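The working numbering numbers the first residue of the sequence shown as 424 and each following residue consecutively. Beta carbons: idealized from backbone N, C-alpha and C, even for Gly. Since we're looking at a predicted model, the values are computed, not measured.
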Amino acid sequence: MSKPKIIGLTGGIGSGKSTVASFFKAVDIPVYIADDEAKALMNRSKIIKRKLISFLGHSAYKDGVIDRAYIAKRVFADKALLEKINAIVHPKVASHFKRWVSKQDSPYIIKEAAIIFENNLEAQYDKIITVVSPMEKRIKRVMKRDGTKREKVLSIINNQLSDDEKIDRSDFVIYNNDLKSLEAQVKEIHKQLLTKP
């Protein structure tokens, strides 16, 4: 069994990465959602739990489950704290991902990760797909999905690289304007990934 190509799937908040990921799943491509795995590990790993509580306090967990709202509030005001959390969680996610890839029997896999470029992680991928969507649609999508205020969504968007910068550094770009064209774009990229070395 040869090692599958690792394809990064990225895009700003609310761009529609999860929808794109579901279209790749529909054509039988394994998908790894890094953010979901990070959440699961924060709840499952005793080591991560112990470390997070040591510098965030017991409020970091509510009934044994990570309190993401509390952590988001803390890291928003303190970038160094975010770096500390990432230093604990990211290596664990990376080793979990490595094990997961070794079990996949597919010509390529998709790893969905929001901040590939922000963290300069391009070298970890064979190709990178960026999803872009009109700003207003993104804001509305996130407000509806997370129940957050417009200002909060804008501040997150402003903390991420612009779409133009991401497009410049990507191998493929998916324009998320409507579901039909979204699915067609995924199928076209799928075809190219299967045929090109």
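message = I'd like to know whether the C-beta atoms of residue 605 and residue 442 end up nearer to each other than 8 angstroms.
response = yes
request  = Could you spell out where the beta strand (DSSP E) holding residue 595 opens and where it closes?
outcome  = Run containing residue 595: 595–598, per the beta strand (DSSP E) assignment.
query = Of the choices 602, 509, 489, 595, whose alpha-carbon is the least far from that of residue 613?
reply = 595
ask   = Should residue 599 and residue 555 be called a contact, given that it needs their Cβ atoms to be closer than 8 angstroms?
value = yes
message = Which of the three DSSP states is assigned to residue 432 in this structure?
response = strand
request  = Consult DSSP for residue 534 and reduce its assignment to one of helix, strand or coil.
outcome  = Secondary structure of residue 534 (DSSP, three-state): strand.
request  = Return the residue from the list 429, 449, 519, 557 that minimises the CA-CA distance to residue 468.
outcome  = Here the closest residue by C-alpha is 519.
ask   = Can you give, in chain order, each stretch of the alpha helix (DSSP H) that sits fully within the stretch 464–548 and has at least 4 residues?
value = You should have 469–479, 491–499, 502–525.
message = Below 8 angstroms on the Cβ atoms is my contact criterion, and I expect residue 698 with residue 436 to pass it. Report the Cβ-Cβ distance as a whole number of Å.
response = Residue 698 lies beyond the residue range present for the chain, which begins at 424 and ends at 620; the question has no answer from this structure.
query = So, is residue 526 buried or exposed, given that buried needs 16 or more other C-beta atoms within 10 angstroms?
reply = exposed
key: Euclidean distance between Cα positions of residue 426 and residue 479   = 39 angstroms
request  = Decide if the stretch 438–458 is in contact with the stretch 541–559; the criterion is three or more beta carbon pairs, one per stretch, under 8 angstroms apart.
outcome  = yes
Buried versus exposed, by CB contacts within 10 Å (16 or more), residue 616 = With 16 or more other Cβ atoms within 10 Å, it is buried.
key: The beta strand (DSSP E) enclosing residue 555, as first and last residue numbers   = 550–555
ask   = So, residue 452 versus residue 512, is the Cβ gap smaller than 8 angstroms?
value = no
query = What is the residue span of the alpha helix (DSSP H) that residue 590 lies within?
reply = 586–591
Closest Cα partner of residue 651 within the set 523, 607, 543 = Nothing about residue 651 can be reported from this structure: the residues present for the chain run from 424 to 620 only.
message = Is it buried or exposed, residue 579, if we count other Cβ atoms within 10 angstroms and call 16 or more buried?
response = Counting Cβ neighbours within 10 Å, residue 579 comes out buried, since at least 16 surround it.
ask   = Does the beta-carbon distance from residue 516 to residue 464 come in below 8 angstroms?
value = yes
request  = Mind reading off the beta-carbon distance from residue 597 to residue 609? Whole number of angstroms is fine, and I expect it under 8 angstroms.
outcome  = 7 angstroms
ask   = Could you give the distance in angstroms between the alpha-carbon of residue 509 and the alpha-carbon of residue 503?
value = If you draw a straight line from the Cα of residue 509 to the Cα of residue 503, it comes to about 10 angstroms.
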